[in-house]
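Enquirer: Going down the list, the protein sequences come from chains S and Y. Under the numbering used here, the first sequence has 66 at position 66, and the numbering climbs by one with no breaks. Each number in the numbering used here comes from the position in the second sequence (counting from 1) with 1000 added on. What follows is a single structure, and I will ask about it in a moment.
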Amino acid sequence: MSLSSLVIPVLLAGVAVCGLGHRADVYGALTHGAEEGLTVLLRVVPALVGLLTAVSMFRASGAMDDLSSLCAPVLERLGIPPEATPLMLIRPVSGSGALAVATELMTTHGPDSFVGRVAAVMLGSTETTFYTIAVYYGSAGIIRTRHTIPAAITADLTGFFASALAVRLFFGGT
Amino acid sequence: MAMTWVWTGMVVLSLLFGLMNGTLDAVASAAMDGAQSAVELSISMAGILCLWSGVMEVMHVCGLSDGLARAFRPLLRRLMPQASRDSETLAAVSANLSANFLGLGNAATPLGIQAARRMARGCGGIASDELCLLVVLNTASIQLLPTTVASVRAAAGCETPFDILPAVWVSSILSVCAGLLMARLLAAVGRRRP
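See below:
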């Protein structure tokens, strides 16, 4: 028995017992949350159909490899796999687009490959920057965003670089 | 509109590269396979995604969100001293951050918008330093369990989809810190050169 197989059952049981301790309707909350998960999925499926079609075509045509090898000299020096180029380009603009590209990377290279892991970590540690900025400033009536965009882009770029670094740190790989 | 350009660009480029490289057969079948795999993937990740969304909701009713929000307050008082003077803004910002932390995006966004509107009052459409900080915090991901990513990994055939957690945390922390530092730095530069 490994430590990681202990985590999930303990987490599930612990959360349930904790909820019971607070006299919360644990099962009701669980199913309500699962319903939320389904609405997330429902919102993402149509976009995923469109984008996975485009991403698959893009890879099959050979354009993806050309784009990757174009950025390879810079990225390799930073330790970022060039295959992740399309993911980094689309991440700040579209959440479902990034999900489609990352999914394609994980299935093509394998979820436990270096590229697959870096794609997963990039997806998990960054956000849809421009969408978020548009939503917040749009509803708050802000016209001059000042230094928001450069600071947010700095966070994204650091996240991309740190993803590759962290995967190499925890899993090794080239 | 941006995605219209991205999608059209990708499809047109695929056609051109397909013609150029002689890979048009592969492009044609990839289009069909892509659409099909999108639905297959969605179905195979549905169970895990729903389960973890449910668990996060239970954590929320357990009072974990409130506890987290309380824990964030001292930190926020230092990061945003002006906004923290208004207790309702402080409450909205800390609830926004704790919802983000638990990956409850649907709960986080309205709270964050509420905070942003309060902070934007009377500043004539110009973002204050602290409002920039709030938005930068929201454009950087700070998530305890990236459930969507884990679901995709599991759907792609990974047996331990959560083994990337430490790497995600390290990367998130570095990214958030870089964003905050840059925001601080640029705010200071902006003050010196009005």
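C-beta: ideal position from N, C-alpha, C; glycine also.
1) What distance in whole Å lies between the Cβ atoms of SER68(S) and THR53(S), which are believed to be in contact at a cut-off of 8 Å?
2) Classify ARG1153(Y): buried if its beta carbon has 16 or more other beta carbons within 10 angstroms, exposed otherwise.
3) Decide if THR1196(Y) is buried, meaning its Cβ has at least 16 other Cβ atoms within 10 Å, or exposed.
4) Below 7 Å between beta carbons: does that hold for ILE1164(Y) and ARG168(S)?
5) Write down the C-beta distance between ALA1115(Y) and ASN1096(Y) rounded to the nearest angstrom, noting that I regard them as a contact closer than 8 Å.
6) Are the C-beta of THR1139(Y) and some C-beta of chain S separated by less than 7 Å?
7) Strictly below 7 Å CB to CB, what residues from chain Y border LEU12(S)?
8) Leaving out five residues on either side along the sequence, give the residues of the same chain with a beta carbon under 6 Å from the beta carbon of ILE1048(Y).
9) Where do the ends of the alpha helix (DSSP H) carrying ARG117(S) lie?
10) Cα separation between LEU1186(Y) and ALA152(S)?
11) Name the chain S residues that come within less than 7 Å of ARG1153(Y), Cβ to Cβ?
12) According to DSSP, is ILE1048(Y) helix, strand or coil?
13) Note down the Cα distance separating ILE80(S) from PHE160(S), rounded to an integer number of angstroms.
14) State yes or no: is the beta carbon of PHE1017(Y) nearer than 7 Å to at least one beta carbon in chain S?
15) Do you know offhand how far PRO1074(Y)'s Cα is from LEU1090(Y)'s?
16) For a contact meaning CB atoms closer than 7 Å, what does ALA155(S) contact in chain Y?
17) With 16 other CB atoms within 10 Å as the buried threshold, where does PRO1161(Y) fall?
18) Taking 6 Å as the limit between beta carbons, can you name the residues of its chain near ARG91(S), skipping five residues before and five after?
19) Counting along the chain, where does the alpha helix (DSSP H) carrying PRO46(S) start and finish?
20) I'd like the list of long-range same chain contacts for GLY110(S), defined as Cβ closer than 6 Å, with 5 residues on each side in sequence excluded.
21) Is MET57(S) close to chain Y, meaning its C-beta is less than 7 Å from at least one C-beta of that chain?
22) Could you tell me the alpha carbon to alpha carbon distance between ALA1002(Y) and LEU6(S), rounded to whole angstroms?
23) Shorter than 6 Å, the distance from the beta carbon of PRO1110(Y) to the closest heavy atom of the ligand NAD, or not?
24) Return the Cβ separation of THR1038(Y) and MET57(S) in integer angstroms, given the expectation that the two are a contact with Cβ distance under 8 Å.
25) Kindly provide the ranges of any alpha helix (DSSP H) runs that are 4 or more residues long and lie completely inside the region 1027-1109 of chain Y, ordered along the chain.
26) Go to GLY1157(Y), then tell me how far its alpha helix (DSSP H) extends in each direction, as first and last residue.
27) Taking 6 Å as the limit between beta carbons, can you name the residues of its chain near GLY1112(Y), skipping five residues before and five after?
28) Which of the three DSSP states is assigned to ARG1192(Y) in this structure?
29) If I'm right that VAL1061(Y) touches ALA120(S) with Cβ under 8 Å, what's the distance once you round it to whole angstroms?
30) Return the chain-ordered ranges of every alpha helix (DSSP H) run that is complete within the region 1114-1140 of chain Y and spans a minimum of 4 residues.
Expert: Based on what the coordinates show:
1) Numbered from 1 along the first sequence, position 53 holds the residue referred to as residue 53(S). Numbered from 1 along the first sequence, position 68 holds the residue referred to as residue 68(S). Taking the Cβ atoms as the reference, THR53(S) lies roughly 20 Å from SER68(S), outside the contact range of under 8 Å.
2) Taking the first residue of the second sequence as position 1, residue 1153(Y) is located at position 153. ARG1153(Y) sits buried, since 16 or more C-beta atoms from the chains shown fall within 10 Å of its C-beta.
3) Lying before the first or after the last residue shown, residue 1196(Y) is absent from chain Y, which here runs from 1001 to 1194.
4) Position 164 of the second sequence, counted from the first residue, corresponds to residue 1164(Y). Position 168 of the first sequence, counted from the first residue, corresponds to residue 168(S). Against a cut-off of 7 Å, the Cβ pair of ARG168(S) and ILE1164(Y) comes out as no contact.
5) Counting from one through the second sequence, the residue named residue 1115(Y) turns up at place 115. Counting from one through the second sequence, the residue named residue 1096(Y) turns up at place 96. About 6 Å separates the beta carbon of ALA1115(Y) from that of ASN1096(Y), a gap short enough to meet the 8 Å contact definition.
6) Stepping through the second sequence from its first residue, residue 1139(Y) is reached at position 139. Contacts with chain S at 7 Å (Cβ-Cβ) include THR1139(Y).
7) Start at 1 with the first residue of the first sequence, and residue 12(S) comes out as number 12. Going along chain Y in sequence order, the residues near LEU12(S) (Cβ under 7 Å) are VAL1055.
8) Numbered from 1 along the second sequence, position 48 holds the residue referred to as residue 1048(Y). Sequence-distant Cβ neighbours of ILE1048(Y) in its own chain, meaning closer than 6 Å and more than five residues away, are SER1151 and ALA1154.
9) Working through the first sequence from its first residue, we reach residue 117(S) at position 117. First-last of the alpha helix (DSSP H) with ARG117(S): 114-125.
10) As a position in the second sequence, residue 1186(Y) is number 186, starting the count at 1. As a position in the first sequence, residue 152(S) is number 152, starting the count at 1. Each residue's Cα considered, the two are about 12 Å apart.
11) Residue numbering aside, residue 1153(Y) sits at position 153 when the second sequence is read from its first letter. Chain S residues near ARG1153(Y): MET106, PRO111 and ALA120.
12) Here residue 1048(Y) refers to the residue found at position 48 when the second sequence is read from its first residue. DSSP places ILE1048(Y) in helix when its eight states are reduced to three.
13) As a working note, residue 80(S) is residue 80 in the first sequence. As a working note, residue 160(S) is residue 160 in the first sequence. Going from the Cα of ILE80(S) to the Cα of PHE160(S) covers about 8 Å.
14) As a first step, residue 1017(Y) must be located in the second sequence, where it is residue number 17. So, interface residue.
15) For the purposes of this step, residue 1074(Y) is taken as the residue at position 74 of the second sequence. For the purposes of this step, residue 1090(Y) is taken as the residue at position 90 of the second sequence. Straight-line Cα distance between these residues: approximately 10 Å.
16) As a position in the first sequence, residue 155(S) is number 155, starting the count at 1. Going along chain Y in sequence order, the residues near ALA155(S) (Cβ under 7 Å) are VAL1136, THR1139, ALA1140, SER1175, VAL1176, ALA1178 and GLY1179.
17) Here residue 1161(Y) refers to the residue found at position 161 when the second sequence is read from its first residue. Buried, since its Cβ has 16 or more Cβ neighbours within 10 Å.
18) As a working note, residue 91(S) is residue 91 in the first sequence. Cβ-Cβ distances below 6 Å link ARG91(S) to ALA98 and THR126 in the same chain, with the five nearest sequence neighbours on each side left out; the list follows chain order.
19) Numbered from 1 along the first sequence, position 46 holds the residue referred to as residue 46(S). Residues 26-60.
20) The residue you call residue 110(S) lines up with position 110 of the first sequence. Cβ neighbours of GLY110(S) beyond the five flanking positions: GLY116.
21) Reading the first sequence from its first residue, position 57 is the one you call residue 57(S). At a cut-off of 7 Å between beta-carbon atoms, MET57(S) makes contact with chain Y.
22) By one-based count along the second sequence, residue 1002(Y) stands at place 2. By one-based count along the first sequence, residue 6(S) stands at place 6. Taking the straight line joining both Cα atoms gives about 44 Å.
23) By its list of ligands, the structure shown contains no ligand whatsoever, and the ligand NAD lies outside what it can speak to.
24) Counted from its first residue, the second sequence places residue 1038(Y) at position 38. Counted from its first residue, the first sequence places residue 57(S) at position 57. Going by the sequence as given, residue 1038(Y) is Ala instead of Thr. So it is not a contact: roughly 13 Å between Cβ atoms.
25) Listed in chain order, they are 1064-1079, 1081-1084 and 1087-1101.
26) Here residue 1157(Y) corresponds to residue number 157 of the second sequence, with the count starting at 1. Under the DSSP assignment, GLY1157(Y) falls outside any alpha helix (DSSP H); it carries neither an H nor an E label.
27) Sequence index remark: in the second sequence, residue 1112(Y) carries index 112 (1-based). Hits under 6 Å: ASN1096 and ASN1138.
28) Counting from 1 along the second sequence, the entry for residue 1192(Y) is found at position 192. Residue state, collapsed to three classes: helix.
29) Residue 1061(Y) sits at position 61 when you count from the first residue of the second sequence. Residue 120(S) sits at position 120 when you count from the first residue of the first sequence. Their Cβ separation, rounded to whole angstroms, is 29 Å, which puts VAL1061(Y) and ALA120(S) out of contact at 8 Å.
30) With a minimum length of 4 residues, the continuous alpha helix (DSSP H) runs that stay inside the region 1114-1140 of chain Y are 1129-1139.
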